[in-house]
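K.L.:
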Amino acid sequence: MKLVYFARVREAIGLSSEECDVPQDARSVGDLVAWISARSEEHACALQDLSRLRFALDQEMVADDALLGAAQELAIFPPVTGG
Amino acid sequence: MKLVYFARVREAIGLSSEECDVPQDARSVGDLVAWISARSEEHACALQDLSRLRFALDQEMVADDALLGAAQELAIFPPVTGG
Amino acid sequence: MKIVRISNAAIQPDEGLAALAGLGGGAVSSFTGIARDDGGVTAIELEHYPGMTEASLSSLIEAATARWSLLGAIITHRVGIVPVGAPVVVVGAASLHRAAALEATAFLIDRLKTEAPFWKREHYADGTAKWVDAKASDDARAERWA
Amino acid sequence: MKIVRISNAAIQPDEGLAALAGLGGGAVSSFTGIARDDGGVTAIELEHYPGMTEASLSSLIEAATARWSLLGAIITHRVGIVPVGAPVVVVGAASLHRAAALEATAFLIDRLKTEAPFWKREHYADGTAKWVDAKASDDARAERWA
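Residue numbers (my numbering), protein chains in the order written: chain A, 161 to 243; chain B, 161 to 243; chain C, 1213 to 1358; chain D, 1213 to 1358.
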């Protein structure tokens, strides 16, 4: 799956995107985010507080309990601040 | 007092303004309008239905029970339709 | 910045908006009312009460300024003959944050419709003309702000 | 007419509004958000999620069109560096009567603020920059439309 990061999350992780092989036991967005957190200290720091993160699966906003299903792209970012 | 008329009222009376000497017993706008109605058939026709008229005394919107006081100009017109 | 204009000539909506955008606020909101081809109308004609019109529009802006924190507000209203498709009125407001500008814009146009001394007549292709009746729905909208 | 534009270059608010004014309606409403000098800010920088941004803004316009009777709606949003004083976003709507255009305009900007994938960073004169935090007041305004 393609992981994409924006704003503070992108800066904290130091990447705008990366690939990952989703582990079998990761069924929800929350599961996958917990697993990604273990990749590095930077990932752990960027992703530690789910309440301050928002998620999009294949470019649709979802909650952290959304099932990954066959999605190909997970985006992780702070609450939006456009306009 | 100067009387000024707009829109349908102006057309029905056939004048955009005229002068009148306010009779002693006309204390309110409604009193004066009733008195003006007697000026001609056109006045009577234009002013017969108070509910379809609006009034301004010295360029301030007022109800028909407003006292004339020392006002110098009474405007009579239909409900406004700008914008 | 508080601007009231009564114009016999065509209105340029963007002029007033550019002025509002330069006041240092983060929000500019506007409403433009356009002469509409409502069943064969070729033009509308606006009569007004010179003197009272300007005072009435100025007091609407004062009321909006008292109610919301505005950096500026404008009302431009055309009078005389207005061809279908041309702007009849532009109202706009500028504020630091958006709620004030958005609400003040709705307030200004809603109250203008029931308070400002303008009267509208529709002209038709066959040469006839008809005074427009005031709408109960306009009174209802204006009363939301009472 | 439904137009979504994401622009790296300066936005001209009046372009979109002129298009809306030509749709035959009697009402055009608009909101312009401007980069504001909020305590020493020299510019703001907008990051976005290409692809999702356009889809998100298009679905906002679809939602507005489903809710109100609109002749057209536009959203133009700038990305990249925006100097203080320049427009960041313009939303607008056209309708036969004013209530639809006014309400749809407020809906579009309120929902854009909480749904569209943009992130704003403020740049200061000393060369530092700071991500802007989302505001609870924006969530509250967006929920009025739920």
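Positions of the beta carbon are idealized from the N, C-alpha and C atoms, including for glycine.
Since the structure is predicted, the reported quantities are computational estimates derived from the model, not experimental observations.
Do the CB positions of C/S1329 and B/A216 come within less than 9 Å of each other?
P.N.:
Checking the sequence, you will find Pro at residue 1329 of chain C rather than Ser. Cβ distance < 9 Å, so C/P1329 and B/A216 count as in contact.
K.L.:
I'd like to know if the stretch 1309-1323 of chain D and the stretch 1232-1250 of chain D are in contact, where contact means that at least 3 CB-CB pairs between them fall below 8 Å.
P.N.:
The stretch 1309-1323 of chain D vs the stretch 1232-1250 of chain D: in contact.
K.L.:
If we cut at 9 Å on Cβ distances, does D/A1221 have a partner in chain C?
P.N.:
So no, D/A1221 is outside the interface.
K.L.:
For A/L227, list the residues DSSP reports as bridge partners.
P.N.:
Bridge partners of A/L227: A/S188.
K.L.:
Which same chain residues end up closer than 7 Å to D/T1326 when comparing Cβ atoms and leaving out the 5 residues on each side of it in sequence?
P.N.:
Only D1350, D1351, A1354 meet the Cβ criterion.
K.L.:
Quick one: what does DSSP say D/H1260 is sitting in, helix, strand or coil?
P.N.:
Three-state result, D/H1260: strand.
K.L.:
Taking 7 Å as the limit between beta carbons, can you name the residues of its chain near A/C205, skipping five residues before and five after?
P.N.:
Answer for A/C205: A172, listed in chain order.
K.L.:
Our contact map puts B/D224 next to B/V189 with C-beta atoms below 8 Å; I'd like the distance itself, whole angstroms only.
P.N.:
5 Å between Cβ atoms; contact.
K.L.:
Could you give the C-beta distance for C/S1219 and C/R1333, rounded to a whole number, given that I count them as a contact under 8 Å?
P.N.:
Incorrect: roughly 18 Å between the Cβ atoms, too far for contact.
K.L.:
Give the DSSP-derived three-state secondary structure of C/K1342 in the structure shown.
P.N.:
Looking at C/K1342 - three-state DSSP - the assignment turns out to be strand.
K.L.:
Rounded to whole angstroms, what's the CA-CA distance from A/Q175 to D/H1335? Just pull it up for me.
P.N.:
Reading the sequence as shown, one finds Leu at residue 175 of chain A and not Gln. Answer to the nearest angstrom: the Cα atoms are 21 Å apart.
K.L.:
With H, G and I counted as helix, E and B as strand and the rest as coil, what does DSSP make of D/W1331?
P.N.:
In this structure, D/W1331 counts as strand in the three-state DSSP scheme.
K.L.:
Do C/L1324 and C/G1284 have their C-beta atoms closer together than 9 Å?
P.N.:
Not in contact: C/L1324 and C/G1284 (Cβ atoms no closer than 9 Å).
K.L.:
Is it buried or exposed, C/T1340, if we count other Cβ atoms within 10 angstroms and call 16 or more buried?
P.N.:
So C/T1340 counts as exposed.
K.L.:
C/S1307: which of C/Q1224, C/I1321, C/L1232 sits nearest, CA to CA?
P.N.:
The candidate whose alpha carbon is nearest that of C/S1307 is C/L1232.
K.L.:
Which same chain residues, not among the five before or five after A/V169, have their C-beta less than 8 Å away from its C-beta?
P.N.:
So the qualifying residues of the chain are A206, L207, L213, I236, F237, P238.
K.L.:
For a quick check, are the C-beta atoms of C/A1230 and C/A1298 less than 9 Å apart?
P.N.:
No. Outside cutoff.
K.L.:
Residues of chain B with CB closer than 9 Å to the CB of C/W1343, please, in chain order.
P.N.:
Within 9 Å Cβ-Cβ: A167, R168, E171, P238, T241.
K.L.:
So what's B/L207 in DSSP terms, helix, strand or just coil?
P.N.:
In the structure shown, B/L207 sits in a helix (DSSP, three-state: H, G or I).
K.L.:
Quick one: is C/V1240 near chain B, going by C-beta distance under 9 Å?
P.N.:
Judged by the 9 Å Cβ criterion, C/V1240 is not in contact with chain B.
K.L.:
Measuring only the C-alpha atoms, how far is B/Y165 from D/L1282?
P.N.:
Approximately 38 Å, taken between the alpha carbons.
K.L.:
Around the C-beta of A/S177, are 16 or more other C-beta atoms found within 10 angstroms, so that it is buried, or is it exposed?
P.N.:
Its Cβ having fewer than 16 others within 10 Å, A/S177 is exposed.
K.L.:
To the nearest angstrom, how far is it from the Cα of C/K1214 to the Cα of A/D191?
P.N.:
Between C/K1214 and A/D191, the C-alpha separation is close to 56 Å.
K.L.:
Once you ignore the five residues that flank C/E1259 on each side, which residues in its own chain have a CB closer than 6 Å to its CB?
P.N.:
Hits under 6 Å: W1331.
K.L.:
Output needed in chain order: residues of the stretch 1315-1326 of chain D with a Cβ under 8 Å from some Cβ in chain A.
P.N.:
Answer set for the stretch 1315-1326 of chain D: I1321, L1324, K1325, T1326.
K.L.:
Check each candidate in C/W1357, C/W1343, C/G1263, C/A1221 and name the one with the smallest Cα separation from B/E233.
P.N.:
Checking every option, the nearest Cα to that of B/E233 belongs to C/G1263.
K.L.:
Could you work out which residue in C/E1274, C/I1293, C/R1279 is closest to C/I1286 when comparing CA atoms only?
P.N.:
That would be C/E1274, whose Cα lies nearest to the Cα of C/I1286.
K.L.:
On a CA-only basis, which of D/D1322, D/R1310, D/T1288, D/V1302 is nearest D/K1347? Give me that one, please.
P.N.:
Ranking the options by Cα distance to D/K1347, first place goes to D/D1322.
K.L.:
Which residues in chain C sit within 8 Å of B/A226, going by Cβ to Cβ distance?
P.N.:
The contacting residues do not exist; B/A226 stays about 15 Å from chain C at best.
K.L.:
Taking 9 Å as the threshold (C-beta atoms), are D/R1310 and D/G1238 in contact?
P.N.:
Yes, these two residues count as a Cβ contact at 9 Å.
K.L.:
Use the C-beta contact count for D/G1251: other C-beta atoms within 10 angstroms, 16 or more gives buried, fewer gives exposed.
P.N.:
The residue is exposed, with fewer than 16 neighbouring Cβ atoms inside 10 Å.
K.L.:
Between which two residues does the beta strand (DSSP E) harbouring D/A1285 extend?
P.N.:
First-last of the beta strand (DSSP E) with D/A1285: 1284-1290.
K.L.:
With burial defined as no fewer than 16 other Cβ atoms inside 10 Å of the residue's Cβ, what is the status of D/A1207: buried or exposed?
P.N.:
No answer is possible for residue 1207 of chain D: the residues shown for chain D start at 1213 and end at 1358.
K.L.:
Taking a Cβ distance cut-off of 8 Å, strictly less, list which residues of the stretch 200-218 of chain A are near chain D, in chain order.
P.N.:
Residues passing the 8 Å Cβ filter: A216.
K.L.:
Looking at the unbroken alpha helix (DSSP H) that takes in B/A172, where does it start and where does it end?
P.N.:
Unbroken alpha helix (DSSP H) run through B/A172: 167-173.
K.L.:
If I measure Cβ to Cβ from D/A1337 and keep anything under 8 Å in the same chain, skipping five residues before and after, which residues do I get?
P.N.:
Closer than 8 Å at the Cβ level, and outside the excluded window around D/A1337, lie G1252, T1254.
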